[in-house]
Structure formats: C-alpha cells, structure tokens
Amino acid sequence: MEAKGKVTLNYGPDKNLDLPTYGGSIGPDVFDIRALYGKTGMFTYDPGFMSTASCQSRITYIDGDKGVLLYRGYPIEQLAVHCDFLEVCYLLLNGELPKKAEKEKFDWTVTRHTMVHEQLARLFQGFRRDSHPMAVMVGVVGALSAFYHDSLDINNPEHREISAFRLIAKLPTIVAMAYKYNMGQPFIYPKNDLGYTANFMRMMFAVPAEDYVVNDVLVRALDRIFILHADHEQNASTSTVRLAGSSGANPFACIAAGIACLWGPAHGGANEAALQMLMDIERDGGVAKVGEFIKKAKDKNSGVKLMGFGHRVYKNYDPRAKLMQETTREVLDALGLHNDPLLKLAMALEKIALEDEYFVSRKLYPNVDFYSGIVQRALGIPTSMFTCIFSLARTAGWIAQWNEMISDPEQKIGRPRQLYVGPTQRDVVPIAKRI
Ligand code: CMC
Numbered sequence: 251m252e253a254k255g256k257v258t259l260n261y262g263p264d265k266n267l268d269l270p271t272y273g274g275s276i277g278p279d280v281f282d283i284r285a286l287y288g289k290t291g292m293f294t295y296d297p298g299f300m301s302t303a304s305c306q307s308r309i310t311y312i313d314g315d316k317g318v319l320l321y322r323g324y325p326i327e328q329l330a331v332h333c334d335f336l337e338v339c340y341l342l343l344n345g346e347l348p349k350k351a352e353k354e355k356f357d358w359t360v361t362r363h364t365m366v367h368e369q370l371a372r373l374f375q376g377f378r379r380d381s382h383p384m385a386v387m388v389g390v391v392g393a394l395s396a397f398y399h400d401s402l403d404i405n406n407p408e409h410r411e412i413s414a415f416r417l418i419a420k421l422p423t424i425v426a427m428a429y430k431y432n433m434g435q436p437f438i439y440p441k442n443d444l445g446y447t448a449n450f451m452r453m454m455f456a457v458p459a460e461d462y463v464v465n466d467v468l469v470r471a472l473d474r475i476f477i478l479h480a481d482h483e484q485n486a487s488t489s490t491v492r493l494a495g496s497s498g499a500n501p502f503a504c505i506a507a508g509i510a511c512l513w514g515p516a517h518g519g520a521n522e523a524a525l526q527m528l529m530d531i532e533r534d535g536g537v538a539k540v541g542e543f544i545k546k547a548k549d550k551n552s553g554v555k556l557m558g559f560g561h562r563v564y565k566n567y568d569p570r571a572k573l574m575q576e577t578t579r580e581v582l583d584a585l586g587l588h589n590d591p592l593l594k595l596a597m598a599l600e601k602i603a604l605e606d607e608y609f610v611s612r613k614l615y616p617n618v619d620f621y622s623g624i625v626q627r628a629l630g631i632p633t634s635m636f637t638c639i640f641s642l643a644r645t646a647g648w649i650a651q652w653n654e655m656i657s658d659p660e661q662k663i664g665r666p667r668q669l670y671v672g673p674t675q676r677d678v679v680p681i682a683k684r685i
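Position one of the sequence shown corresponds to residue 251 (the numbering used here), numbered consecutively onward.
The structure is reproduced here in structure tokens:
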C-alpha cells in the first residue's frame with residue numbers, strides 16, 4: 251500500500267515519530283501504527299476498537315453519519331429491490347454481481363449441497379429438546395468440520411470455495427433442523443426444485459402429514475431479511491470469525507465462533523430482545539405505556555434499554571431499518587394483519603424516541619432489529635429462532651470476510667496487547683504459611 255502522507259506523533263521532549271497515512275476508496279484515512287511499539291515501547295489503547303481499523307477490506311462500506319450501507323459498492327436499497335439473496339452471496343464472495351449464466355451455475359451448486367451428512371442429523375439427539383436453538387447451532391456448525399475433512403486446507407482456494415458452498419447451502423437445513431428438533435417434529439429434507447429461501451421455509455414449516463404451500467410474498471420478505479443481514483463490515487461476530495481464522499482454524503470452526511458471538515443481546519440477539527420488549531409493553535398497557543417505558547430507557551439505573559435502537563456505527567437512521575419497516579408492512583398486508591398492535595406500538599415508540607432530547611443528542615436511531623422481530627413473528631418464526639435466521643444470512647458475509655483475510659498477503663495472526671494493571675511480580679507463599 252502506498253502512503254498518502256504522514257502524521258507526526260510527539261511522544262516526549264524531542265521525541266517525534268512519523269507514521270504513514272493511507273487513504274481508502276471512501277471513508278476515513280488511517281495512520282499506520284505497526285511500527286509504534288518497536289520505536290516507542292508504547293502500545294495504543296482502544297477497548298471496543300472505537301478508532302481501530304483491523305484490516306483492509308473491499309467488501310462492505312458503512313457511512314454511519316449518512317446512513318449508507320454498500321455491499322461491494324452497491325447501495326443496500328438497490329440490492330434489496332433488484333436482487334435475490336443468492337445473487338448477493340455471489341456478489342459478496344466474488345466482488346461482482348453475477349451474469350445470468352453465472353447466477354444459474356451458482357444457484358445450481360448451492361442447491362446441490364443443501365443436504366447434510368445423515369450422521370449429522372443424529373448429532374441433534376445429544377441436545378436437550380429445550381436447548382436454545384443458538385446453542386444447537388454453535389455445536390452443529392462447529393461439528394461440520396468433523397464431517398467435511400476433504401475441504402479443510404485453508405491454503406487451497408478450491409477447498410475454500412467448496413467450504414463456502416457447503417456453509418451457505420447447509421445453514422438453512424441446519425437452522426430448520428434446530429427448529430424441528432426443538433418442536434419435536436421430524437426433520438424435513440430439502441427439496442431442490444425450490445429456491446433457496448422457499449426451500450428453507452418449507453424445511454421449517456412443512457410436516458410429513460401436510461406439505462407447505464409456498465407464499466411468494468412471504469418468501470420474498472424473508473429473502474430480503476437475508477439480504478439486509480448478509481454483511482456489515484467489521485462488526486463483533488465478523489471480527490470474531492477473522493480472529494479465529496487468523497490462527498489457521500478451519501472455516502466451519504470459524505463460522506461457529508461467529509455464531510457464538512452473534513448470539514449476544516448487544517449484537518444478533520437484539521431482535522429477540524426488541525420483540526420481547528414490544529410484547530412486554532403491549533401486555534402492560536400498550537401505546538398508553540410508551541411514555542413510561544421511554545422514561546425507564548433513559549434512566550441508567552433502570553437497566554432498561556430501548557432495544558433495536560442505537561448502533562456503534564450508525565449515528566443516523568440505519569438504512570436496513572427503513573427497508574425492514576417496508577417489508578413489515580408488506581407482510582402484515584399479505585397476511586391481513588393491518589392492525590397488528592406490535593407494529594402500532596413500535597411506530598409510537600419510534601416517533602417519541604426520535605423527538606426525545608436523550609435519543610436525539612446521542613444520535614440513537616432505530617437499527618435493523620427494531621422491526622425485524624415483528625416481521626419474523628408474522629412469518630411464523632418463533633422468537634428463539636431469530637438469531638439463527640440472522641446467522642444463516644450473515645454466514646455469507648462471514649465467509650467472504652474470512653476468504654478475504656486468508657488471501658491477504660498482510661494477514662497475520664490476530665494478537666492484541668494490553669495495558670496490564672494487575673499485581674507486579676511477587677513470591678508464592680506456601681499454603682501452610684499463608685495468613
Ligand atoms: N437505549 C437507551 N440508551 C442507549 C441505547 C438504547 N438502546 N443505546 C445507547 N444508549 C445510550 C448509552 O447508555 C450511552 O449513554 P451515555 O453517553 O449517557 O452513557 C450512549 O447512548 C452511547 O451508547 P454506547 O452504549 O456507548 O454505544 P455503543 O456504540 O457502545 O453501543 C449498542 C451500541 C448497539 C450496543 C447500543 O446502542 C445498544 O445496546 N442498543 C440496544 C441493543 C441493540 O439494539 N443492538 C442491535 C445493534 S444492530 C444489530 C447488530 O449489529 O447486531
């Protein structure tokens with residue numbers, strides 16, 4: 251990378267260090283601190299990576315102040331309208347949108363990998379029926395590395411490609427199996443004359459006694475949810491995948507690590523928490539109680555947050571939240587649920603929060619999770635499955651990011667340092683002499 255300029259760091263009397271700066275194609279410049287410790291004996295301190303670019307990437311760009319999200323340069327609003335999820339997967343993995351023949355081949359290959367090894371199905375029996383489906387996902391996706399030994403050489407581009415296909419193709423099957431196991435219903439095998447998302451919905455909702463009738467509006471809505479969640483640059487779970495992968499771990503293990511990270515309520519678990527919040531307010535009195543709830547969300551001692559609001563990067567309306575609101579309306583209309591009380595409640599909460607000084611001054615806007623719970627609930631997806639759906643979609647981004655990292659000549663094992671504030675060296679007193 252060619253330096254664009256330099257910044258000079260003054261770290262003591264007559265102690266200056268020039269650090270090169272680099273410019274991206276858009277977005278903030280960076281200055282390169284790799285030489286810092288060697289030259290100054292000091293580290294940088296940045297808990298939560300508030301000001302740290304951990305890698306170069308060509309995949310996703312976010313302008314949090316303007317509310318812009320681009321996959322490979324294309325605005326999310328255009329991708330959501332013109333593309334299906336597998337087209338977006340192709341784009342994330344390959345850098346360009348597919349031509350017709352390329353798309354057909356890609357879809358064909360994904361479709362031919364939708365089944366899982368029959369012995370993997372037996373693995374589910376080891377979990378309690380009431381396990382959280384995300385706990386099952388972490389285990390089963392990690393276990394894929396025990397089934398696909400033939401594609402674990404991360405330095406072989408063909409192995410990386412086949413692993414990418416396997417993960418994208420098998421995630422819907424595994425998510426649906428986690429649901430069926432939880433429900434005590436038999437697993438439904440994929441049916442390869444259906445598209446990716448229709449196939450997933452059938453595996454979720456069909457039973458041997460009754461087939462599932464595909465509703466195109468609902469399939470399109472879920473497909474859009476997948477597109478909106480497909481990637482989001484270096485968020486916590488993607489950074490987890492990259493960090494796990496930086497040691498040379500296999501892709502299945504890395505994606506399982508990403509799923510574990512995504513589970514947390516500050517990340518992928520937020521849609522589950524946001525819907526729960528809406529249902530609690532509705533139970534306690536609905537729209538009439540919005541003011542009271544907002545008061546609690548502003549009180550730091552209450553332990554209550556307005557879930558589905560706020561974002562580390564977006565300091566403006568999350569563009570995905572707008573699209574999600576649109577999809578929510580489409581689905582509720584298609585199902586004849588025009589007066590859904592939770593949608594009314596969400597809109598009342600949003601209106602008050604967007605006018606409230608607390609939220610305005612902190613630039614807290616609805617994020618993708620604010621509406622996604624309502625739409626998924628309307629699709630018949632239970633709350634405990636929301637984060638699984640997110641992990642299914644984000645797998646595309648995780649693999650694209652993992653692949654980019656493995657192919658990057660500057661890639662090194664991720665190894666942050668620390669500011670040590672523990673005890674200095676001391677001697678062990680034998681247990682008999684400790685007082
Ligand atoms: N409700 C009430 N106050 C909030 C909220 C909220 N949802 N979010 C942030 N704040 C306050 C926070 O208390 C702090 O106030 P102060 O400056 O007075 O101490 C200020 O706003 C800044 O917040 P922060 O926690 O320092 O911001 P962050 O960048 O560390 O956290 C966040 C971002 C997403 C974790 C946080 O906004 C949050 O917990 N939101 C609710 C959970 C949520 O919806 N998460 C989904 C994120 S989008 C999907 C994804 O990426 O997975």
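Glycine included, every Cβ here is placed at the ideal spot set by N, Cα and C.
query                                                                                                       : result
heavy atom of the ligand CMC below 7 Å from Arg492 C-beta                                                   : no
Unbroken alpha helix (DSSP H) run spanning Gly392, endpoints                                                : Pro383 to Ala393
Reduced DSSP category for Thr294 - H, G, I as helix; E, B as strand; rest coil                              : coil
Which residues DSSP lists as bridging Gly262, in chain order                                                : Lys265
Any non-hydrogen atom of the ligand CMC closer than 7 Å to Phe374 Cβ                                        : no
Leu528 CB to nearest heavy atom of the ligand CMC below 7 Å                                                 : no
Whole-Å CB distance - Ala628 paired with Val581, under 8 Å assumed                                          : 5 Å
Beta-carbon gap between Ala503 and Ser395 smaller than 8 Å                                                  : yes
Leu341 in three-state terms, based on DSSP                                                                  : helix
Contacting residues, own chain, Cβ-Cβ under 8 Å from Asn266 (five flanking each side not counted)           : Thr258, Leu259 and Asn260
Bridge-paired residues (DSSP) for Lys256                                                                    : Pro270
CB contact flag (Ala603, Ile531, <8 Å)                                                                      : no
Cβ pair Arg492, Cys339 closer than 8 Å                                                                      : no
Sequence ranges, alpha helix (DSSP H) only - wholly within the region 446 to 479, length at least 4         : 446 to 455 and 466 to 479
C-beta contact flag for Tyr446 and Phe335 at 8 Å                                                            : yes
Alpha helix (DSSP H) segment containing Ile639, residue limits                                              : Phe636 to Ser657
C-alpha distance - Asp400 paired with Glu408, whole-angstrom precision                                      : 11 Å
Contact check, Lys430 vs Pro422, beta carbons under 8 Å                                                     : no
Whole-number beta carbon distance between Ala523 and Met557, since they are thought to touch under 8 Å      : 4 Å
Sub-8 Å separation of Leu642 and Phe476 beta-carbons                                                        : yes
Rounded straight-line distance, which links the Cα of Asn589 to that of Thr490                              : 41 Å
Test item: CB-CB of Ile509 and Met387 under 8 Å                                                             : yes
Residue closest to Gly376, alpha-carbon to alpha-carbon, out of His561, Ala393, Met365 and Gly314           : Ala393
Inter-stretch contact (C-beta, 8 Å, three-pair minimum) for the region 610 to 623 and the region 271 to 281 : no
Heavy atom of the ligand CMC within 7 Å of Asp315 beta-carbon                                               : no
Integer Cβ distance of Pro348 from Leu417, believed to fall under 8 Å                                       : Pro348 to Leu417, Cβ: 18 Å. No contact.
Opening and closing residue of the beta strand (DSSP E) in which Thr310 lies                                : Thr310 to Asp313
Ser395 at chain B interface by Cβ criterion, 8 Å                                                            : No chain B is part of this structure, which consists of one protein chain only.
Inter-residue spacing [alpha-carbon to alpha-carbon] between Arg570 and Asp481                              : 11 Å
Candidates Pro666, Gln328 and Pro680: closest to Asp296 by CA position                                      : Pro666
Residue range of the alpha helix (DSSP H) that includes Tyr429                                              : Pro407 to Met433
Contact check, Ala584 vs Val467, beta carbons under 8 Å                                                     : yes
Residue from Lys555, Leu525, Ala494 and Arg684 whose Cα sits closest to the Cα of Ile649                    : Ala494
Where the beta strand (DSSP E) through Val318 begins and ends                                               : Val318 to Tyr321
Three-state class that DSSP yields for Pro515 in the structure shown                                        : coil
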